[in-house]
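From first to last, the protein sequence lines are chains A and B. Here the first sequence stands for residues 44 to 188, where the numbers follow our numbering. Here the second sequence stands for residues 44 to 188, where the numbers follow our numbering. In what follows, a structure is listed as structure tokens, so that the remarks can point back to it.
There are 2 protein chains.
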Amino acid sequence: MYDQLKLENQLCFRLYTASRLVTQAYRPLLEPLGLTYPQYIVLMALWERDNQLVGDLCRRLMLDTNTLTPLLQRMERQGLVVRTRGIADGRQTLVSLSKKGLALEEQAKEVPACMVGSWKCNPIEPEQLMPFLNTLDNLINTLKQ
Amino acid sequence: MYDQLKLENQLCFRLYTASRLVTQAYRPLLEPLGLTYPQYIVLMALWERDNQLVGDLCRRLMLDTNTLTPLLQRMERQGLVVRTRGIADGRQTLVSLSKKGLALEEQAKEVPACMVGSWKCNPIEPEQLMPFLNTLDNLINTLKQ
DNA sequence: GCTAATTAAATCGTACACGACAAAATGTTA
DNA sequence: TAACATTTTGTCGTGTACGATTTAATTAGC
Numbered sequence: 044m045y046d047q048l049k050l051e052n053q054l055c056f057r058l059y060t061a062s063r064l065v066t067q068a069y070r071p072l073l074e075p076l077g078l079t080y081p082q083y084i085v086l087m088a089l090w091e092r093d094n095q096l097v098g099d100l101c102r103r104l105m106l107d108t109n110t111l112t113p114l115l116q117r118m119e120r121q122g123l124v125v126r127t128r129g130i131a132d133g134r135q136t137l138v139s140l141s142k143k144g145l146a147l148e149e150q151a152k153e154v155p156a157c158m159v160g161s162w163k164c165n166p167i168e169p170e171q172l173m174p175f176l177n178t179l180d181n182l183i184n185t186l187k188q
Numbered sequence: 044m045y046d047q048l049k050l051e052n053q054l055c056f057r058l059y060t061a062s063r064l065v066t067q068a069y070r071p072l073l074e075p076l077g078l079t080y081p082q083y084i085v086l087m088a089l090w091e092r093d094n095q096l097v098g099d100l101c102r103r104l105m106l107d108t109n110t111l112t113p114l115l116q117r118m119e120r121q122g123l124v125v126r127t128r129g130i131a132d133g134r135q136t137l138v139s140l141s142k143k144g145l146a147l148e149e150q151a152k153e154v155p156a157c158m159v160g161s162w163k164c165n166p167i168e169p170e171q172l173m174p175f176l177n178t179l180d181n182l183i184n185t186l187k188q
């Protein structure tokens with residue numbers, strides 16, 4: 044039994060588990076809005092800036108087109124976004140918020156506070172939050188290459 | 044535009060991205076062993092203790108049977124584990140390492156060091172590692188309810 | 001201006017995740 | 001001991017992830 048193969052010693056297993064559990068915790072908040080978590084982050088990107096190319100969203104969300112295209116197609120079917128072929132460059136696809144997608148922002152603005160409020164005890168001390176976020180950002184930037 | 048809906052301010056988006064990128068970084072190391080990341084953590088649990096029930100693995104990995112059962116079935120098809128019906132309690136399924144699954148530990152023991160070694164710069168300062176892991180554990184424990 | 005290389009999205013196949021449900025075995029209780 | 005509840009695992013459907021490949025449009029080179 045090698046120590047470096049113990050689950051306790053795995054950074055990645057913790058990240059994997061924490062990510063899954065946080066996403067699960069979002070579900071009851073997003074379900075009333077008819078959203079999954081990946082759909083929610085696509086909308087957040089579009090609420091920040093509407094009318095983005097598929098490639099813009101890929102870079103912003105660090106997802107590839109083979110994930111985003113089907114996701115955006117489902118979102119278009121649900122009437123959350125509109126996809127239009129680029130005029131200047133016919134290879135591009137422009138993703139825009141529909142009226143419904145734009146209106147959802149008003150309901151979604153309560154979600155982050157509800158998320159934090161649902162925790163009985165605070166899992167992160169306020170003074171630990173920034174170092175924690177910085178470490179995550181360092182990790183992400185390193186792995187992005 | 045609500046500040047709390049900006050991607051920069053999302054703890055969850057960072058966790059989601061970091062988890063995906065770390066899992067991607069494992070791929071080139073696990074592919075030669077014929078493993079995916081979820082299969083690797085199942086094996087880590089079994090290398091720690093062989094002969095576990097499906098329910099034991101569910102609790103250990105914090106995954107439900109609807110994820111683990113198909114995962115274990117694929118691993119059995121690949122000859123990594125053996126699933127046997129419980130003798131005393133016919134509802135149970137015991138998961139054991141095959142000879143091949145047991146032997147893989149020797150190759151896998153290099154994986155964690157290779158992972159760290161593949162980073163050009165160190166994304167986590169040594170003195171930040173423990174606080175970071177503790178915060179992740181707090182988060183996981185809070186969300187486990 | 002015609003062909004080759006490049007780029008932007010989309011498609012395809014496989015493997016997770018997970019809510020909802022089903023099935024089978026065991027416990028419980030009147 | 002027969003009906004019912006509980007436990008353990010499995011199945012099903014939908015939605016991601018992602019490597020590999022394809023398609024369509026644009027650009028570069030000659």
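All residues carry an ideal CB built from backbone N, CA and C; glycine is no exception. In this text the structure is predicted, and so the values were computed from the model without any measurement.
Fewer than three pairs of CB atoms, one per stretch, sit closer than 8 Å, so the region 158-167 of chain A makes no contact with the region 177-186 of chain A. At a cut-off of 8 Å between beta-carbon atoms, Met105 (chain B) makes contact with chain A. Looking at the DSSP output, Val124 (chain A) bridges to A:Leu140.
Ser62 (chain A) reaches chain B at Leu58, Tyr59, Ser62, counting residues in chain order whose Cβ is nearer than 7 Å.
Spanning the alpha carbons of Arg70 (chain B) and Leu147 (chain B) requires a straight line of approximately 16 Å. Nearest CB-CB separation between Pro155 (chain A) and chain B: below the 8 Å threshold.
A Cβ of chain A is located within less than 8 Å of the beta carbon of Glu91 (chain B). In the structure shown, the three-state DSSP call for Gln53 (chain B) is coil. In the three-state reduction of the DSSP assignment, Gln135 (chain B) falls in the coil class, being assigned neither a helical nor a strand state. Going by C-alpha positions, Met105 (chain A) is about 21 Å away from Leu72 (chain B). Only residues of its own chain outside the window of five on either side were considered, and among them Thr66, Tyr69, Arg70, Leu73 have a CB closer than 8 Å to the CB of Tyr80 (chain B), listed in chain order. Secondary structure within the region 145-182 of chain B: the alpha helix (DSSP H) runs of 4 or more consecutive residues, fully enclosed, are 154-160 (chain order).
If you look at Arg102 (chain A), you'll find it in the alpha helix (DSSP H) that goes 97-104. If you draw a straight line from the Cα of Glu51 (chain A) to the Cα of Leu78 (chain A), it is about 33 Å long.
Fewer than three Cβ pairs drawn from the region 112-130 of chain B and the region 85-94 of chain A lie within less than 8 Å of each other, which leaves the two stretches out of contact.
Contacts with chain A at 8 Å (Cβ-Cβ) do not include Ala146 (chain B). In the structure shown, Gln188 (chain A) adopts coil according to DSSP, grouped into three states. For Cys164 (chain A), a Cβ of chain B is located within less than 8 Å of the residue's own Cβ. For chain B, the residues of the region 63-79 of chain A that bring a beta carbon within less than 8 Å of one of its beta carbons are Arg63, Leu64, Val65, Thr66, Gln67, Ala68, Tyr69, in chain order. Each of A:Glu91, A:Gln47, A:Met44 was checked against the Cα of Tyr45 (chain B), and the nearest Cα belongs to A:Glu91. In this structure Leu123 (chain B) is not in contact with Lys142 (chain B), their Cβ atoms being roughly 10 Å apart against a cut-off of 8 Å. Under a 10 Å Cβ-count criterion, Cys164 (chain A) is classified as exposed, with fewer than 16 other Cβ atoms of the shown protein chains found around its own Cβ. For Gln150 (chain B), no chain A residue has a C-beta closer than 7 Å to its own C-beta; the minimum C-beta separation is roughly 11 Å. Beyond the five residues adjoining it in sequence on each side, Thr108 (chain B) comes within less than 7 Å, by CB distance, of Val97, Cys101 in the same chain, given in chain order. Taking 9 Å as the upper bound on Cβ-Cβ separation, chain B lies near residues Gln171, Leu172, Pro174, Phe175, Leu176, Asn177, Thr178, Leu179, Asp180, Asn181, Leu182, Ile183, Asn184, Thr185 of the region 170-185 of chain A. Within the same chain, Cβ atoms closer than 6 Å to the Cβ of Val154 (chain A) are found at Leu72, the five residues on either side in sequence being excluded. For Met44 (chain A), the chain B residues whose Cβ falls inside 8 Å of its Cβ are Trp90, Glu91, in order along the chain. The C-alpha of Gly133 (chain A) is placed about 19 Å away from the C-alpha of Pro113 (chain A). DSSP places Leu78 (chain B) outside any alpha helix (DSSP H), giving it a letter other than H or E. Judged by DSSP in its simplified three-state form, Arg92 (chain B) adopts coil rather than helix or strand.
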